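Each remark here refers to the structure printed beneath this line.
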Amino acid sequence: MKIHENVRLATFFAQLAVKQRVAPRLGVRPLVSELFLTENCNLRCVSCSCWLDNTKGELTTDEWKDVLRQLVRLRILKANFTGGEPLIRPDALEIMAYAHEQGIRHLHLNTNGIRLTPAMLTKVLDAGVRSFNISVDGPNGLVHDRIRGRLGAFQTTMEHLRGVIDQRERYGLKVRMNFTVMRENIEYLPDIARLAQELRVRLYLNLATDQTFLFRAPKVAELKQVDADDITAALGRLEEVMRSDGRWLPRYSDMSYIPRHFSDIVQRDIPCAESQLKLMIHSRGEIGGCWGHDPTFNVRERRISEVIESEEYREEHARLFRKECVGCGSNYSLNLRWRPTTYVNDLMWRAGRRHLGKDA
Ligand SMILES: C[S@@+](CC[C@H](N)C(=O)[O-])C[C@H]1O[C@@H](n2cnc3c(N)ncnc32)[C@H](O)[C@@H]1O
Ligand code: SF4
Ligand code: SF4
5 MKIHENVRLA TFFAQLAVKQ RVAPRLGVRP LVSELFLTEN CNLRCVSCSC WLDNTKGELT
65 TDEWKDVLRQ LVRLRILKAN FTGGEPLIRP DALEIMAYAH EQGIRHLHLN TNGIRLTPAM
125 LTKVLDAGVR SFNISVDGPN GLVHDRIRGR LGAFQTTMEH LRGVIDQRER YGLKVRMNFT
185 VMRENIEYLP DIARLAQELR VRLYLNLATD QTFLFRAPKV AELKQVDADD ITAALGRLEE
245 VMRSDGRWLP RYSDMSYIPR HFSDIVQRDI PCAESQLKLM IHSRGEIGGC WGHDPTFNVR
305 ERRISEVIES EEYREEHARL FRKECVGCGS NYSLNLRWRP TTYVNDLMWR AGRRHLGKDA
């Protein structure tokens with residue numbers, strides 16, 4: 005990151021501190037845009053509802069290009085391309101390359117990895133993407149394929165994940181393996197930690213929710229009910245892995261967030277930085293909202309700048325920051341990162357005075 009980008013990030017966190025303590029209605033400019041290129045998908049994950057319907061009327065290539073030009077004028081630092089599965093859009097590469105040409109410096113891709121063949125990876129890198137989250141929901145085909153709804157998905161995704169890891173040094177890539185914790189795979193937490201270490205790739209733990217707009221389905225509501233004893237047991241075993249070698253794994257404070265997520269999804273005492281950091285553009289052009297709250301504006305009707313400067317948007321974002329929301333746990337890691345207690349807890353864990361599974 006360049007110096008001026010670090011300054012903007014530091015300013016963002018300073019503004020959040022002011023917003024929390026002094027000026028609750030302070031407007032904080034988003035720095036990152038979350039672009040749902042499509043809400044359709046080539047997999048059928050049990051935890052997700054994207055594939056249940058065929059979403060029609062998504063933004064065209066030209067409409068996405070217009071969105072990107074607007075984001076550049078708003079000085080957005082980073083574009084996250086996500087979905088659904090972004091790589092199923094035939095124009096995904098064109099849109100990503102356009103973002104790069106227009107001057108959005110940091111491009112990130114969330115993908116299930118199925119289409120990320122070596123040839124596709126070369127094109128994605130040529131388009132300027134330098135950061136990847138690749139989803140792996142189990143340490144083997146048995147678990148991952150069952151969750152992802154396709155036989156052989158694990159093998160393909162792992163092959164393509166290895167391909168990305170192989171290019172990491174050459175291109176200075178940031179690569180994360182995303183594991184979504186749910187009832188179906190909680191017991192495999194220690195195994196996925198070991199797999200991440202074997203691959204030498206950073207592990208991120210998503211926490212299953214049925215509140216986010218992509219995941220609202222009765223089946224998901226069941227999967228996010230994880231038994232407290234199962235969480236304690238899995239974290240206890242994870243603790244052993246972390247104590248012997250913590251490389252590539254999330255920090256203690258991130259891991260210790262997990263049990264409460266499954267009993268108190270809002271965690272109102274932790275303000276939501278995520279809702280302030282990101283500007284969301286959904287596949288059919290809806291703007292704003294946050295993961296758990298539906299947007300009320302559309303790029304087909306209003307300019308993005310007009311929306312984020314509007315009184316309604318600012319009021320809504322003041323409420324979301326205070327977690328007057330349904331809760332979702334999205335990017336809990338960011339929400340913890342700017343709190344001093346996070347660092348104290350991590351130090352206490354290192355000193356052996358905190359333990360996962362017992363006092364997490
Ligand atoms: C919706 S997907 C979009 C990108 C891509 N299709 C993928 O699977 O990585 C983004 C992330 O959400 C995760 N996810 C799926 N179901 C979820 C749920 N119910 N709660 C939280 N995260 C979930 C996925 O595992 C993935 O890491
Ligand atoms: S989690 Fe990703 S891969 Fe799975 S159905 Fe949803 S969008 Fe598709
Ligand atoms: S925790 Fe609340 S405010 Fe934050 S993204 Fe989720 S639903 Fe939105």
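For the sequence shown, this note's numbering gives the first residue as 5, with consecutive numbering after it. By construction, the Cβ of each residue, glycine as well, lies at the ideal position given by its N, Cα and C atoms. Please read these numbers as outputs of a predicted model, since none were measured by experiment.
Outcome for residue i when other beta-carbon atoms lying within 10 angstroms are tallied against a minimum of 16
i	result
K82	buried
T86	buried
V11	exposed
Q385	Since the first residue of the chain shown is 5 and the last is 364, residue 385 is not available in this structure.
D214	buried
P143	buried
Q229	exposed
T300	exposed
H265	buried
K23	buried
E62	buried
Contact check, residue i vs residue j, beta carbons under 8 Å
i	j	result
V270	K327	yes
P34	I108	no
I92	T161	no
C276	H297	no
S51	I169	no
D141	N189	yes
S334	L218	no
G167	L125	yes
S279	F40	no
V32	L13	no
L207	A238	no
W252	Q171	no
Bridge partner(s) assigned by DSSP for residue i
i	result
G87	T42
V133	L111
N349	N349 is not bridged to any residue.
Helix, strand or coil at residue i according to DSSP, with G and I counted as helix
i	result
H164	helix
N189	coil
S309	helix
N58	coil
Y208	strand
R180	strand
V147	helix
S287	coil
I138	strand
S37	strand
K282	strand
F158	helix
L327	In the sequence on display, residue 327 carries Lys and not Leu. Coil at K327, not helix or strand.
K127	helix
Closer than 7 Å: residue i CB and nearest ligand 1 heavy atom
i	result
G145	no
D57	no
beta-carbon residue i near ligand 2 non-hydrogen atom, thresh 7 Å
i	result
N116	yes
C45	yes
Cβ-heavy atom distance, residue i to ligand 3, below 7 Å
i	result
W1	This structure gives no information on residue 1, because the portion of the chain shown stretches from 5 to 364.
K327	yes
E278	yes
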